[in-house]
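Chemist: Every number in this note's numbering is 152 more than the matching position in the sequence shown, counting from 1. Every residue, glycine too, gets a C-beta built ideally from N, C-alpha and C.
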Amino acid sequence: MDGKPQQSSQNTRGRHWRLWLMVAGFVAITSLGLLSVYHLFAEQSLRFDARLLQPPIIILTSLLLLLYFCADGLRLYYCLKALGYPLPLPLIFKLVFINLFFSNITPMATGGGLAQVWYLQRAGVPISRASAATGIRTLLAVVMIFSLAPAYLLLQDQFDQQSLINKFGPALAVFTLIYIVGLLIVVLRSRWLIAPASSALHQFRRRQWLSKSRHQRLQFSLRRGILRFSRSFVDFAQGRRSDAALAVFWTAVFLLSLFSIPALLIYALDYSIPYLNSVGIALLTTFVMYFAPTPGASGISEGVLAGFFQNLLTPEHLILVVIAWRFLSIYLGMLIGLVLLQKELGKGGRHGAS
């Protein structure tokens, strides 16, 4: 009788320990990135500018953040609705911050989608539909970013195009091709994943990591899950066009609001950089972040944005804009997600103890 509460308490402590270890890794890598920007780009100069706290700027920033977070939630909401699962908006908006938190403490942002699938499953959404909804949401953003970023790079004069293309063009082309082909296989030919996944399970069985009965159950669940996942994409494409169109619309609004954050900060500091240039730089930064292996592209995103803005901002404002951009777009949402997650873990611990 007493063993179960004790085991539950130990499991909860283990989850907390792993969670804080990942957070510590994110903080350490982010700190290294900011230090690199401080020494390499900002000429060891940092000065806070009170113009960022002017009432009109605070109001505009608050409205932009509200649009950013709402659009992030609504793009998932309409993906789910198109698949027949219109969940309550309060739950969807909680998932926005859970996703922000886990995406930024796991490599290649893999944890956010998995966490959302887990929460959606708890809310009654089948795992195939939950996986498809988060996959479609990601695909829509990737298609927009990967279409616009190379075009912007080619059309702009300010980046010394030939030098950039010669240096990074081949590598970016290869990574972009791999990324897009992988996504297209998952979306359009997900059945192709059955053979390699089934082979991996066979290897686990041969090494006696799985019992015979568990191996058979997993093989059945794997095939059924992938087939249902594949069917979900067909249902999204053939479902209500208004829901699919709204998913696309809110994805575009989400990305535009995200890319507008640096533009607003620069406007507050009285720079005369054209809005489209600032948005384009944020677009290119996000494009590069997709290939960063660090948790949430931490340490890399800061350096990329600073590199693009180095010749446009004064050194003391450069790192200030980078920190403010990351705080508004990432750190703030992560903090909210951490609070929500701690509440969830607390509930789980109390339920286990009872």
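Closest by CA to A223, which one among F381, A458 and L410?
Modeler: Measuring from the Cα of A223, the nearest candidate turns out to be L410.
Chemist: Just to check my reading of the structure: L228 and A285 have Cβ atoms closer than 8 angstroms, yes? What is that Cβ distance to the nearest angstrom?
Modeler: Going by Cβ atoms, the distance from L228 to A285 rounds to 6 angstroms, so yes, they are a contact pair.
Chemist: Mapping the DSSP letters down to three states, classify P348 as helix, strand or coil.
Modeler: Looking at P348 - three-state DSSP - the assignment turns out to be helix.
Chemist: Quick one: grab the DSSP three-state call for P426.
Modeler: Here P426 sits in coil by DSSP.
Chemist: Quick one, are the C-beta atoms of L216 and S412 less than 8 angstroms apart?
Modeler: For L216 and S412, yes; Cβs fall inside 8 angstroms.
Chemist: Can you say whether Q314 is buried or exposed, counting buried as having 16 or more other CB atoms within 10 angstroms of its CB?
Modeler: In this prediction, Q314 scores a pLDDT of 47, lower than 50, which makes its location untrustworthy; no coordinate-derived value is stated.
Chemist: Given A449, which residues of its chain have a CB within under 7 angstroms of its CB, disregarding the five upstream and five downstream residues?
Modeler: The answer, listed in chain order, is M441.
Chemist: For V405 and F221, what's the separation of their Cα atoms in angstroms?
Modeler: C-alpha separation (whole angstroms): 10 angstroms.
Chemist: With distances taken from CA atoms, which of L243, G287 and P278 is nearest G263?
Modeler: Closest option to G263, Cα to Cα, is G287.
Chemist: Ordered along the chain, which non-local residues of its own chain (more than five positions away) have a Cβ less than 8 angstroms from that of T328?
Modeler: Contacts found: F298 and P302.
Chemist: Compute the Euclidean distance between the alpha carbons of P534 and E454, then round it to the nearest angstrom.
Modeler: Nothing in the structure corresponds to residue 534, since the chain is present only between 153 and 506.
Chemist: Closest to A397 by C-alpha separation, out of R289, T182 and L171, would be which residue?
Modeler: Nearest option by C-alpha distance: R289.
Chemist: Kindly indicate which three-state DSSP category P242 falls into: helix, strand or coil?
Modeler: P242 falls in the helix class under three-state DSSP.
Chemist: So what does DSSP say about W169, is it helix, strand or coil?
Modeler: W169: helix per DSSP, three-state reduction.
Chemist: Taking the straight line between their C-alpha atoms, what separation do you get for A399 and T438?
Modeler: Each residue's Cα considered, the two are about 20 angstroms apart.
Chemist: Can you tell which of L435, I425, S214 and F200 has the C-alpha that lies nearest to the C-alpha of L407?
Modeler: Ranking L435, I425, S214 and F200 by Cα distance to L407 puts L435 first.
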